[in-house]
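Peer 1: Note that the working numbering numbers the sequence shown so that position 70 is 133, with each residue one more than the last.
I am attaching a structure below and will ask some questions about it afterwards.
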Amino acid sequence: MEFERDSLNAMSSVLETIQQRIAEIDIKNRKLEEEISELEQQRILNVPNNQGTNEYVSHFLKNLSAGKSEFT
Numbered sequence: 064m065e066f067e068r069d070s071l072n073a074m075s076s077v078l079e080t081i082q083q084r085i086a087e088i089d090i091k092n093r094k095l096e097e098e099i100s101e102l103e104q105q106r107i108l109n110v111p112n113n114q115g116t117n118e119y120v121s122h123f124l125k126n127l128s129a130g131k132s133e134f135t
């Protein structure tokens, strides 16, 4: 009986940890989506002779789609 109670408490703790992690990931995803949107707007507004910025945005978006959350 005590083992079952301990197991339930452990599972409850694991579930709570998973829920917290999901919430953290959701927040990060929202921030990244906002960042992507801002970068896309900047790219649209860039003048054609500003090739460096366009390359920066393009490289950032490529890294982001590859699962990298930071520009490298």
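Note that beta-carbon positions come from the ideal geometry of N, C-alpha and C, so glycine has one too.
No experiment lies behind these values; they were computed from the predicted model shown.
Is the stretch 90-110 touching the stretch 118-131, taking contact as three or more C-beta pairs under 8 angstroms?
Peer 2: Yes: the two stretches touch, three or more of their Cβ pairs being nearer than 8 angstroms.
Peer 1: By DSSP, does Ala86 sit in helix, in strand, or in coil?
Peer 2: Helix, per DSSP.
Peer 1: Quick check on DSSP: helix, strand or coil for Met64?
Peer 2: coil
Peer 1: To the nearest angstrom, report how far apart Ala87 and Leu78 are at their CA atoms.
Peer 2: This sequence places Glu at residue 87; Ala is not what is there. For the pair Glu87 and Leu78, the Cα-to-Cα distance works out to about 14 angstroms.
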